[in-house]
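*Asks:*
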Amino acid sequence: MAPYKLADFDAVLAIARRGTFRAAALDVGMSTSALSSAVSKLEEHLGVRLFNRTTRSVSLTSAGQRFVDQVSPALKDIHSALDTVRSQQETPTGTLRINTFATAGREILAPLILECLRRFPGVQIDLVTEGNLVDIVADGFDFGVRSQNLVPTDMIAIPLGPARRYAVVATPAYFEGREPPKVPSDLKAHACIRTRLPNGALFRWQFEAEGQPVQVDVDGQITLDEASLARMAVLHGVGIGFFMEADVREDIEAGRLVRVLDAWTPPLAPLCLYYPSRRNPPAAFKVFVDLARELARSSRPG
1 MAPYKLADFD AVLAIARRGT FRAAALDVGM STSALSSAVS KLEEHLGVRL FNRTTRSVSL
61 TSAGQRFVDQ VSPALKDIHS ALDTVRSQQE TPTGTLRINT FATAGREILA PLILECLRRF
121 PGVQIDLVTE GNLVDIVADG FDFGVRSQNL VPTDMIAIPL GPARRYAVVA TPAYFEGREP
181 PKVPSDLKAH ACIRTRLPNG ALFRWQFEAE GQPVQVDVDG QITLDEASLA RMAVLHGVGI
241 GFFMEADVRE DIEAGRLVRV LDAWTPPLAP LCLYYPSRRN PPAAFKVFVD LARELARSSR
301 PG
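Counting in full-length UniProt numbering, the sequence shown runs from 1 upward without gaps.
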């Protein structure tokens, strides 16, 4: 019998699901070359090509599609059986894959991710930060972390902390000889750090007055696509920046940055950890959920 491994079948399904070897390799925790080699060996043992490969894309052959259709239910049952066994572990082990966006990743890293690793040395965490909202089930993630209003309705959600806010900031030196903005429209007279969204569009700064949203297209010499870079630019006095409060809270408290338009940035929806219902989740999954609930309780006011 050919030496097939469960990981080989998982690899085929990941490629079929993701459409590229690179994305599939991230899903299954392998290098692209190792993934390609594993699939090639499987195809050699089977004596049939499962994928049509070009320099730009990967697609299933007709034989590959039949293979995926028949193997998928069986693999789901196998993984369910493995989950059942892992749920009985006394010591949680295994890898948890979490999808979020960069700002949220920074907020949950210390209190949730690193705390989990400290308490449970056998657990590994693969944290993926991306700007686009993904289907965590289809893309092979155990958990997602997003703003509460973006969590799919069919998911179980745990609010991870208090409401969040935006913060508009610049250095004290920037405001020397300049009148700080009193209302969002005043930003037109200032140099601002513009940010680009993952889809390529420029981010419009978000404000609120008496429950009504106000959006402002700002001007400035530099456009960036990552908050940590924008923070560096602001700290160098290039102009005014727009951030999640958590990203610049320490700078404000230390006096490195001055906050403006505070009354125009009311609370936003909190972050949530979310996940699909699972009948017999592995022990690592259960302890991570318990830790998230513990964090949620500790962050409630009062």
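Note that beta-carbon positions come from the ideal geometry of N, C-alpha and C, so glycine has one too.
(1) If you run the structure through DSSP and keep just helix, strand and coil, what is Val151?
(2) Are Tyr274 and Phe143 touching if we call contact CB-CB under 8 Å?
(3) Assuming Asp225 and Thr265 form a contact by the criterion Cβ under 8 Å, report the distance between their Cβ atoms to the nearest whole angstrom.
(4) Pick out whichever of Asp8, Thr32 and Arg18 has its Cα sitting closest to the Cα of Lys41.
(5) In angstroms, rounded to a whole number, what distance separates the CA positions of Gln124 and Phe288?
(6) Pick out the complete beta strand (DSSP E) segments inside the stretch 119-199, 3 residues or longer, and give them in chain order.
(7) Could you tell me which of Val214, Thr223, Gln148 and Val85 sits nearest to Pro198, measuring between CA atoms?
(8) Quick one: what's Gln215 bridged to in DSSP?
(9) Could you check the C-alpha separation between Phe120 and Thr84 for me, to the nearest Å?
(10) Leaving aside the five residues before and after Met1 along the sequence, list all residues of the same chain whose C-beta is less than 7 Å from its C-beta, in chain order.
(11) Consult DSSP for residue 303 and reduce its assignment to one of helix, strand or coil.
(12) So, for Asp247: in the same chain, excluding its five sequence neighbours on each side, which residues have a beta-carbon less than 7 Å away from its beta-carbon?
(13) Tell me whether the beta-carbon of Ala167 lies closer than 8 Å to the beta-carbon of Phe243.
(14) With distance defined between alpha-carbon atoms, name the residue in Gln148, Ala14 and Thr32 nearest to Leu271.
(15) What's the call for Gly239, buried or exposed, on a 16-neighbour Cβ count within 10 Å?
(16) Between Ala284 and Leu96, which are expected to be in contact by the criterion C-beta below 8 Å, what is the C-beta distance as a whole number of angstroms?
(17) How big is the Cα-Cα spacing for Ala14 and Asn280?
(18) Residues in its own chain within less than 6 Å of Gly237 by CB, not counting five upstream and five downstream?
(19) Any heavy atom of the ligand MG closer than 7 Å to the Cβ of Ser228?
*Replies:* Reading off the structure:
(1) Walking along the sequence shown from the start, residue 151 turns up at place 151. Looking at Val151 - three-state DSSP - the assignment turns out to be coil, as it is neither helix nor strand.
(2) The residue given as residue 274 occupies position 274 in the sequence shown. The residue given as residue 143 occupies position 143 in the sequence shown. Yes, they are a contact pair.
(3) As a first step, residue 225 must be located in the sequence shown, where it is residue number 225. As a first step, residue 265 must be located in the sequence shown, where it is residue number 265. Not confirmed; about 22 Å, so no contact.
(4) The sequence position of residue 41 within the sequence shown is 41, counting from 1. Closest option to Lys41, Cα to Cα, is Asp8.
(5) In the sequence shown, residue 124 corresponds to position 124, counting from 1. In the sequence shown, residue 288 corresponds to position 288, counting from 1. Distance between the alpha carbons of Gln124 and Phe288: 11 Å.
(6) 123-129, 143-147, 156-159 and 166-170
(7) Locating residue 198 in the sequence shown gives position 198, counting from the first residue. That would be Thr223, whose Cα lies nearest to the Cα of Pro198.
(8) As a working mapping, residue 215 is identified with position 215 in the sequence shown. Gln206.
(9) Taking the sequence shown and counting its residues from 1, one reaches residue 120 at position 120. Taking the sequence shown and counting its residues from 1, one reaches residue 84 at position 84. Cα to Cα, the separation comes out at about 19 Å.
(10) As a working mapping, residue 1 is identified with position 1 in the sequence shown. Residue placement at Met1 cannot be trusted, given a pLDDT of 45 that sits under 50; what the coordinates show is reported in the next sentence. So no residue of the chain qualifies.
(11) The requested residue 303 does not occur in the structure, where the chain is confined to residues 1 to 302.
(12) Position 247 of the sequence shown, counted from the first residue, corresponds to residue 247. Excluding sequence positions up to five before and after Asp247, its CB lies within less than 7 Å of the CB of Thr103, Arg106, Ala227 and Arg231, all in the same chain and listed in chain order.
(13) For the purposes of this step, residue 167 is taken as the residue at position 167 of the sequence shown. For the purposes of this step, residue 243 is taken as the residue at position 243 of the sequence shown. In this structure, Phe243 lies closer than 8 Å to Ala167 by Cβ.
(14) Residue numbering aside, residue 271 sits at position 271 when the sequence shown is read from its first letter. When only C-alpha atoms are compared, the closest one is Gln148.
(15) Taking the sequence shown and counting its residues from 1, one reaches residue 239 at position 239. Gly239 comes out buried.
(16) Taking the first residue of the sequence shown as 1, we reach residue 284 at position 284. Taking the first residue of the sequence shown as 1, we reach residue 96 at position 96. Confirmed, Cβ separation roughly 6 Å.
(17) To locate residue 14, count along the sequence shown from 1; it is residue 14. To locate residue 280, count along the sequence shown from 1; it is residue 280. One C-alpha to the other measures close to 23 Å.
(18) Taking the sequence shown and counting its residues from 1, one reaches residue 237 at position 237. Close CB contacts of Gly237 within its chain, under the 6 Å cut and outside five residues either way in sequence, are with Thr171, Ala173 and Tyr174 (chain order).
(19) The model depicted lacks the ligand MG and carries no ligand whatsoever.
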